[in-house]
Amino acid sequence: MPFSNLKQSNYGQVPASVYVLITAGGHGSRMGSKQPKQFLELLGRPMLYYSIKAFVDAFQKVCLVLVLPEEYLEQGAEIVRVLGQEKNTKIVRGGETRFHSVAAGLAEVPNGQIVLVHDGARPLVTNDVIGRVFEGVRLNGTAVPVIPVADSMRQISGFNSRAISRDDLRIVQTPQGFNSTELKKAYQQPFNANFTDEASVLEWQGTPVELVMGERCNFKVTLPEDLAIAKIMLKQRLSKNSE
Numbered sequence: 515m516p517f518s519n520l521k522q523s524n525y526g527q528v529p530a531s532v533y534v535l536i537t538a539g540g541h542g543s544r545m546g547s548k549q550p551k552q553f554l555e556l557l558g559r560p561m562l563y564y565s566i567k568a569f570v571d572a573f574q575k576v577c578l579v580l581v582l583p584e585e586y587l588e589q590g591a592e593i594v595r596v597l598g599q600e601k602n603t604k605i606v607r608g609g610e611t612r613f614h615s616v617a618a619g620l621a622e623v624p625n626g627q628i629v630l631v632h633d634g635a636r637p638l639v640t641n642d643v644i645g646r647v648f649e650g651v652r653l654n655g656t657a658v659p660v661i662p663v664a665d666s667m668r669q670i671s672g673f674n675s676r677a678i679s680r681d682d683l684r685i686v687q688t689p690q691g692f693n694s695t696e697l698k699k700a701y702q703q704p705f706n707a708n709f710t711d712e713a714s715v716l717e718w719q720g721t722p723v724e725l726v727m728g729e730r731c732n733f734k735v736t737l738p739e740d741l742a743i744a745k746i747m748l749k750q751r752l753s754k755n756s757e
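If you read the sequence shown in our numbering, its first letter stands for residue 515, the second for the next number, and so on.
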């Protein structure tokens, strides 16, 4: 599916409510840390702080729904207090899987709203990506940010493999944007192992999704080396913004 042809929009000035659901309910076992990765320190603050702050900075007003592990609800509440968003935030307990966590968060989102669902472990999301997703939802009802695949790709089949064209592949990112009524309806389906993100849940019930351009800096921090790279990139960004 081609990228949506998006027009320019001063999205930060839109008066309508914008709901942002931050999924941070996992424990990040691949990071090799006892602490969930979204709470690991990134330049003196929890990683989750930056993932939330990006949306606070992008919109004049944002309604936040934060989905967290039960034992980290208070830590999440402290981040919200530091950002001054207590009145605009609801914090809910995460579920067994991402599907169940998002479903729990959506219960706090009214129907008929634009809702952006973002990974708590993507602290480098930019204003440009947020803007393209928001505008994509306004124009098309859905918006999923993706980037081209840079490496050669092979498909594994048993003990064999074959080269496949990377031209037809895209790496999927967040935030993913939707109309809350349609997304909540999709999440009434029973859990399916094929559900890897919100777009796949919506598509499973037959609703197509629109793609918008993401950015390579908007990667998901999963491994220790990802955290090291995120620290360097964030330090450079903060330094540039202070000039």
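Where a beta carbon is used, it is the ideal one built from N, C-alpha and C, also for glycine.
In this text the structure is predicted, and so the values were computed from the model without any measurement.
As assigned by DSSP and simplified to three states, the class of residue i
i	result
Phe673	coil
Phe517	Confidence at Phe517 is low in this model, with a pLDDT of 39, below 50, so the placement of that residue should be treated as unreliable; the coordinate-derived value is given next. In this structure, Phe517 counts as strand in the three-state DSSP scheme.
Ala530	Unreliable positioning characterises Ala530 in this predicted model, as indicated by a pLDDT of 49, which lies under 50. The coordinate reading is nonetheless provided below. DSSP places Ala530 in coil when its eight states are reduced to three.
Arg607	strand
Leu697	helix
Val735	coil
Leu578	strand
Arg668	strand
Val686	strand
Leu535	strand
Gln522	Only weak support exists for where Gln522 lies, its pLDDT of 36 falling under 50; the value from the coordinates is given anyway. In the structure shown, Gln522 sits in coil (DSSP, three-state: anything other than H, G, I, E or B).
Leu556	strand
Residue i: first and last residue of the uninterrupted beta strand (DSSP E) it sits in
i	result
Pro662	656-662
Phe692	690-693
Tyr586	Looking at the DSSP string, Tyr586 is not in any beta strand (DSSP E), and its letter there is neither H nor E.
Asp633	628-633
Leu725	725-727
Residue i - containing alpha helix (DSSP H), residue span
i	result
Ala749	Strictly speaking, residue 749 in this sequence is Lys, with Ala absent from that position. 738-755 is the span of the alpha helix (DSSP H), which, as asked, contains Lys749.
Asp571	561-572
Val715	712-718
Leu620	612-620
Of the listed residues the options, nearest to residue i (C-alpha basis)
i	options	result
Leu587	Met561, Pro704, Ala538, Lys699	Ala538
Ser615	Val723, Glu729, Thr710, Cys577	Thr710
Tyr701	Arg612, Gly598, Gly590, Lys604	Arg612
Leu752	Gln552, Ala591, Tyr564	Tyr564
Leu556	Gln750, Ser756, Asn755, Lys745	Lys745
Val596	Asn674, Lys734, Phe673, Ile566	Ile566
Asp633	Gly609, Lys754, Ala617, Val581	Val581
Gln552	Glu724, Ile605, Ala635	Ala635
Leu554	Thr736, Ala618, Ile605, Ser756	Thr736
Neighbourhood of residue i by C-beta distance below 6 angstroms, restricted to the same chain and skipping five residues each side
i	result
Glu584	Arg607
Ile678	Met667, Gln669
Gln687	Pro659, Gly728, Asn732
Val534	Phe569, Val576, Leu578, Leu630
Asn771	With the chain covering 515 to 757 only, the question about residue 771 has no answer from this structure.
Arg680	Val663, Met667
Val651	Ile628, Ala657, Gly691
Ala617	Tyr701
Cβ-Cβ separation, residue j to residue i (assumed contact under 8 angstroms), whole Å
i	j	result
Ala568	Val658	Not confirmed; about 17 angstroms, so no contact.
Val723	Ala707	Not a contact, Cβ separation roughly 19 angstroms.
Cβ shell of residue i (< 7 angstroms), same chain only, five flanking positions each side left out
i	result
Glu600	Val594
Gly526	Its pLDDT being 40, under 50, Gly526 is placed unreliably in this model, and the value from its coordinates should be taken loosely. Within the same chain, Gly526 has close Cβ partners Ala572, Phe573, Gln574.
Nonlocal neighbours in the same chain, by C-beta distance under 8 angstroms from residue i, ignoring five residues either side
i	result
Met747	Leu638, Cys731
Ser675	Arg668, Gln669
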